[in-house]
Amino acid sequence: MEQREGPGIGPGSGEALAALAAFGKLLLSLAPVYVAGRLGLSLGFVLLGLALYAGWRAARRAKERSLRAARRLLQDEERHVSAAAAGLCLSARELPAWVSFPDVEKAEWLNKILAQAWPFFGQYMEKLLVENIAPMIRASNTHLQTFAFTKVDMGEKPLRVMGVNVHTGQNKKQILLDLTISYVGDVHIDVEVKKFFCKAGVKGMQLHGVLRVILEPLIGDMPIVGALTMFFIRRPTLDINWTGMTNLLDIPGLSSLSDSMIMDSIAAFLVLPNRLLVPLVPNLHDVAQLRSPLPRGIVRVHLREARDLQSKDKYVKGLIEGKSDPYALVRVGTQVFTSQVIDESLNPAWNETYEFVVHEVPGQELEVEVFDKDPDQDDFLGRMKLDFGEVLKARVLEEWFPLQDSGRGQLHLRLEWLTLLSDASKLEQVLQRNRGISSKPEAPSAAILVVYLDRAQELPLKKPGKEPNPMVQLSVQDVTRESRVVYNTSSPVWDDAFRFFLQDPANQDIDIQVKDDTRQTSLGSLSVRLSRLLSAEDLTLDQWFQLENSGPGSRIYMKLVMRILFLDAPEVCNTPQPCAPGQLDGETSTFAGSSVDMPPRPSRASPDAQFGTESVIRIHLLEAENLIAKDNFMGGMIRGKSDPYAKVRLGGQSFRSHVVKEELSPRWNEVYEVVVNEIPGQEVEFEIYDKDIDKDDFLGRCKIALKRVLSSRFIDEWLPLEDVKSGRLHVRLECLAPTPNSAELEQVLMVNSLTQTQRSAELSSALLSVFLDRAADLPLRKGSKPPCPYVSLSVRNVSYKSKTATSTSEPIWDEGFSFLVKRPHVESLELQVKDEGGQGLGSLSLPLTQLLAAETLTLDRWFPLSRAGPGSQVLLRVQLGILVSQHSGAEPRSAPSAGEEAESPPGGSEPELYVGEDGEPGAAGPAQELRQRLTHVDSNSELVEGPLGQLQLTVWYHMDERKLVVIVHSCRKLRASSKDIPDPYVSLILLPDKNRVTKRKTTVRKRTLNPEFNERFEWELPPEEATRRRLEACVKNSVSFMSREKEPLGKVHLDLSQMDLAQVKAQWHNLKENRSSS
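Residue 1371 in the numbering used here sits at position 176 of the sequence shown; the count goes up by one each step and never skips.
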């Protein structure tokens, strides 16, 4: 059934209407002819009318064609001119010279305006410098009270704008201009400080660069533009001609240094990411976001390696050609990173990673300069530049880039464009990928946090009636930023912005401290868990935050914006160089020429369950008594004594004590340490011998089951000697379990130094456990043969060697090693990967301070190898345990009984430690084992720090051994007498004797103002002689190699007659000048 059409007009009726309209127009056009005939006019009038109409119609159509052509030409002038030239059979090269379409347009009209206004700009600058800047300089320092500008002349040559490039299509709400500016001026500015008869100035200056100007936001009211933002995308070039005293800055070397310092000052507020914002309307919103907008993206730069660099180190006046010590300077605007120096190499491998904030694309560039490190001036080896627009297009770009301006050399870089995501859905994927990346010097970031600090309200007053000068400190982990200071207000407005890179946003906090300008008085604090942002809309918190530890109404307004850094690109390597092992974690690749998937490399080591469960047995060999006399004379008619010594064995290690001459009850007081596992059947064995010229005589043996020591943790016994008629041995055994707590280290070092015996090695303070899992991408032998690698590990003078893997560049060892560590803060783990022929395949130096700063004192990851291939790495689990002794002879003093009066040390209620003469803890013993008190009091509350620093000493007299004992613990806040950091050591002399018998000195600590020594020294003196002596402790600098006399940093004189030598007390002493005494 057909559907009827409605009342509307259909296709047929439309055509009929069009026909009627055409017929009506025809009748209308014939109307003048009919009227002329009706009125009896001649045919001439009709022809005249038709001619006038035709002329009008032709003129109207010509105007319309001209208007349409003008519109098309304005819209795309270059295309239409080229089309017109093609119609004339002309190529683009055949067009006249004055017909050009450059990207950068000239602005001569603007230069004419600047030339006309330049004298008035000079008058403004003269008023600004004389009336505003000069008073500020005079008020900044008392020595500059006579500072004045004696001449300010901006000259006759104005700033010129060489070209203007307008970027269209970027953002409809902003106008973006690039001005190429050039200033070669005859400016003349002189200054004078009359008090010191000092004159200086500038006469002539050049400045060239590209200034980007952004007109944003565009608004619907006058003046249409809300604010003007200006900045240099790249650092401009600067050249200054100095006069007066500043003529010295034109000396070669100083000239480039001075210009560089001034450029750094300019870059501090005018080179990206810094911007100069000029608001054009009052009450402009989001000023901080205009001054510091969210970045376009983050570029992660992997600085891999270089090859074929120039050799700059030459010897014997160039007859012998050496190599270079290259390092790289990686720069994006004001963001600068410096790589490590690779000694003696023309093909250095850095394998370092840096992250840069990118705002303007295209425009911002990556610049890498390579230098040869020298003692005087570093030699230039080449540079490369790359616009980030190329990285944005490729997303991942890995290439060998040729070095410019050097003639040779290439640089291997991998560049990754990280997109900013406003939702947290891909965070876990980002974290998973980052765990597989071995990055140094910093771990890869998973997100970026931008904090817009707006204002605060009702901050507490610093003093009654006195307004504070508030500023804000913002911290994320170990990165701290500071806002500017707002003076004399309790409701400051900052309008500042700050950026932080985040490695694990779900488990990090941002800490905010509002302080007075002196940084001493806190006005309030706040801690925000960044996990709140992950659940917030658009990953943003824009609100008031209540301040803690502040006034009841104190609050701060901030906008926190987080963005996830996501690599939106396939994980591929674009060059023949192998990918780093950690980068393919969680993803698969294939063997070359094979369809079998390669299993992903692990991101963490996989030790067995026994790893890290070792304990340390500390064996105290104290004394023996009633030994058999083996030295008989005249056929046994004269009975002598023995010269006993002891042998100790445990866990495959053996130790031998010193020999005590002619003694049947010898005292050794020696300590040995052994790392043990809970393997059944182990025993601690002791054997005593008499030292003879020919064969040593046996004096007895005894042993203790290790299982008993591990279970009881502490044994102090007299053991009867077996296989002999008489004799017994006094030993003390202690089981130390490593503790992952770095806070215990300082106390352990202090106790170890006090219980140290003269004949024993330095006691260990920590146990280092190393699990060697595997390596990856080791370099091949000559001829592309895989190596047979093994690993050598060492700490101090103790080293171990792994098993040798067979013909592979991806060896798996699965071995564990343990090291006893004396001083973790100055020692390091040295690892060497070698081929079985001795050829080095890579090395690693890991300072143990990195473990002390790590969570649970453990690092478990891939470590890049130096002096190896570009992707060579080793997978390790390294953990440190502090050896805390519960029975060291230094223990907390027990609480007083009900009938005793509690006694507290001066200066506070710090714990006191008791030390027995032989180190024995526990209840009261014989008189000769009288315990002496060690009071651990930080003398900060009792002693005002001197200008030269302080030295911590423990001085007491050991009655049983009849020795004066001095322990040099540490120094703090030493004063450097030169620009270089000193290499301090401590020299001790017992006065009045100054001979070599009474002199002692510590080891040298390199480049520190707070050295740790913890070294013990002894003098054999009767007690009455000790009280008549004076101790001189001199801290010296060991870097003065030109003379035998070392550079003194300060002295301490102690009169022992004025000291209680029965009390063991660590005390701080102020260092004095050489001519002074305390």
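Even glycine gets a Cβ: it sits at the ideal position worked out from N, Cα and C. What you are looking at is a predicted structure, and each value in this text was computed from that prediction instead of being measured.
Closest residue to residue i among the options (Cα-Cα distance)
i, options, result
"residue 2163", "2211, 1724 and 1228", "2211"
"residue 1599", "1577, 1581 and 1609", "1577"
"residue 1840", "2190, 1820, 2226 and 2030", "1820"
"residue 1608", "1561, 1345, 1323 and 1673", "1561"
"residue 1931", "1813, 1948 and 1671", "1813"
"residue 1245", "1255, 1260 and 1224", "1224"
"residue 1800", "2008, 2035, 2155 and 1421", "2008"
"residue 1897", "1908, 1909, 1913 and 1422", "1913"
Beta-bridge pairing of residue i - partner residues as DSSP gives them
i, result
"residue 2067", "In DSSP, residue 2067 forms no bridge with anything."
"residue 2264", "2146"
"residue 1530", "1527"
"residue 1611", "1495 and 1591"
"residue 2232", "2179 and 2242"
"residue 2207", "2165"
"residue 1968", "Paired residue(s): none; residue 1968 is not in a bridge."
"residue 1865", "1816"
"residue 1917", "1896"
Residues of its chain near residue i, where Cβ-Cβ distance is below 7 angstroms and the 5 sequence neighbours each way are ignored
i, result
"residue 1188", "With the chain running from 1196 to 2273 in the structure shown, residue 1188 is simply not present."
"residue 2145", "2166, 2167, 2168, 2263, 2264, 2265 and 2266"
"residue 1802", "1966, 2011 and 2072"
"residue 1353", "1309, 1310 and 1313"
"residue 2195", "2183 and 2212"
"residue 1573", "1566 and 1567"
"residue 1406", "1374, 1376, 1425 and 1427"
Beta-carbon proximity check, residue i vs residue j, cutoff 7 angstroms
i, j, result
"residue 2041", "residue 2019", "no"
"residue 1436", "residue 1394", "no"
"residue 1872", "residue 1809", "yes"
"residue 2246", "residue 2267", "yes"
"residue 1708", "residue 1668", "yes"
"residue 1683", "residue 1653", "no"
"residue 1498", "residue 1540", "no"
"residue 1486", "residue 1470", "yes"
"residue 1868", "residue 1844", "no"
"residue 2150", "residue 2180", "no"
"residue 1718", "residue 1665", "yes"
"residue 2141", "residue 1933", "no"
"residue 2193", "residue 2204", "no"
"residue 1359", "residue 1411", "no"
"residue 1538", "residue 1520", "yes"
"residue 1420", "residue 1479", "no"
"residue 2031", "residue 1999", "yes"
"residue 2249", "residue 2159", "no"
Neighbourhood of residue i by C-beta, 8 angstroms cutoff - its chain only, sequence neighbours within 5 removed
i, result
"residue 1734", "1617, 1618, 1619, 1728, 1756, 1757, 1758 and 1759"
"residue 1339", "1332, 1333 and 1388"
"residue 1994", "1987 and 1988"
"residue 1494", "1527, 1550, 1551, 1553, 1561, 1583, 1586, 1610, 1611, 1612 and 1613"
6 angstroms CB neighbourhood of residue i in its chain, flanking five on each side removed
i, result
"residue 1228", "1241"
"residue 2067", "1972, 1973, 2037 and 2060"
"residue 1400", "1380, 1382 and 1435"
"residue 1348", "1383"
"residue 1581", "1561"
Local Cβ density within 10 Å of residue i, reported as buried at 16 or more and exposed below that
i, result
"residue 1554", "buried"
"residue 1950", "buried"
"residue 2157", "exposed"
"residue 1882", "buried"
"residue 1415", "exposed"
"residue 1517", "exposed"
"residue 1960", "buried"
"residue 1304", "exposed"
"residue 1548", "buried"
"residue 2257", "exposed"
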